[in-house]
Each structure stands twice: as C-alpha cells, then as structure tokens.
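Engineer: My questions all concern the structure below.
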Amino acid sequence: MTFSILAILFLATILAVSLVGFRAIIRQGKAPEDANKEKCSVCRTQYNKSQLIEREVGDYRVLHFCQSCIISLHNEIISKN
Ligand SMILES: [Zn+2]
33 MTFSILAILF LATILAVSLV GFRAIIRQGK APEDANKEKC SVCRTQYNKS
83 QLIEREVGDY RVLHFCQSCI ISLHNEIISK N
C-alpha cells in the first residue's frame, strides 16, 4: 500500500514537472513580441529592439544600449573633456 502511494506521488510529480515545462515551451512560442525585446546592457531595463543601439564586442558578444544610457555616457565623456 505504501509503495503504491509512493508510486502515485512519484508519477504525479513527474506529470506536474512535465506540465510546467510544456507550458514554458508554449509560452515561449506564443510570445513573438518578446523576441523583439532586449535588455539594455548597462541598466538592464527591457526595451523594444528598435529603441536600442546594438554593438558587437569581440567575436560573439552583442551589447545593447538604451537612449538614457547613451545620453548619460555622452554627458560623462563631455564632462571629462
Ligand atoms: Zn540603459
């Protein structure tokens, strides 16, 4: 009896985990607007890709900069010179 309860619990756990995983996959496929979004590499705020400047650093790393970070970087370099 104990064994069958454990077996059912085990199966239920596997089912729950696979359901959660499946839902995550569905959600990824259902959100094409999220594919258009990217986080600013400086302030980590999420923006639409059209609002960000993209720069490739090195061979593989791509950095994104939002307008307010670019302005603050601009002000920083201006104040230095
Ligand atoms: Zn930013």
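Residue numbers (our numbering): 33 to 113.
All C-beta atoms, glycine included, are put in the ideal place defined by N, C-alpha and C.
1. So, under 8 Å CB-CB, His106 and Lys71 are touching, yes? Tell me the CB distance rounded to an integer number of Å.
2. Given the structure, does Val74 come close to ligand 1, in the sense that its CB is under 7 Å from one of the ligand's heavy atoms?
3. Where DSSP assigns a beta bridge to Phe97, which residues make up the other side?
4. When you measure from the CB of Phe97 to every non-hydrogen atom of ligand 1, does any distance come out below 7 Å?
Structural biologist: Reading it off the structure:
1. Contact flag wrong, Cβ pair sits at about 20 Å.
2. yes
3. Ile85
4. yes
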